[in-house]
Structure formats: structure tokens, C-alpha cells
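Using the numbering used here, read the sequence shown as starting at 9 and increasing by one per residue. All C-beta atoms in this analysis are idealised placements derived from N, C-alpha and C, irrespective of residue type, glycine included.
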Amino acid sequence: MSSDWWGSSEIPHSEDAIQVTQHAANYLVSEARKSLNRPSSEKVLSNLIYNYKTTYSGYKG
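Right, dumping it as C-alpha cells:
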């Protein structure tokens with residue numbers, strides 16, 4: 009990815025940096041899973057991708 013998107017190319021990619029980031033992500037996900045805030049089944053079903061018509065917007069050539 010271009011550094012323009014992220015703002016800096018100085019993001020550490022060492023083994024330690026990866027482990028710290030993974031630990032933080034795992035903690036965030038585990039805390040989010042504790043939440044009882046969930047949409048109703050009807051809301052989930054009405055928002056499924058299968059309910060929408062597909063539109064190809066790629067290169068035409």
C-alpha cells in the first residue's frame with residue numbers, strides 16, 4: 009500500500025511489533041464479543057448482501 013494512504017511508511021514490522029498489535033487486536037475483539045448489543049435477526053437478514061442487485065463497475069475493455 010502506498011504511504012500516502014497510511015500517512016507514514018515508518019510502521020514497525022518486527023516480530024515484537026506484530027505480537028503487540030495482535031495482542032491488542034485480540035483484546036479488542038474479546039471485549040467486543042462480551043457486548044450484548046446486537047441487531048435483531050430480522051435486521052441482519054434484511055441487510056444481507058444477497059438482498060441487493062450486483063452491479064459490475066470494473067474495467068470494460
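It is roughly 20 Å from the alpha-carbon of Glu50 to the alpha-carbon of Arg41. A direct Cα-to-Cα measurement between Thr63 and Pro47 gives close to 27 Å. In the three-state reduction of the DSSP assignment, Lys42 falls in the coil class, being assigned neither a helical nor a strand state. Boundaries cannot be given for Ser17, as no alpha helix (DSSP H) includes it and DSSP labels it neither H nor E.
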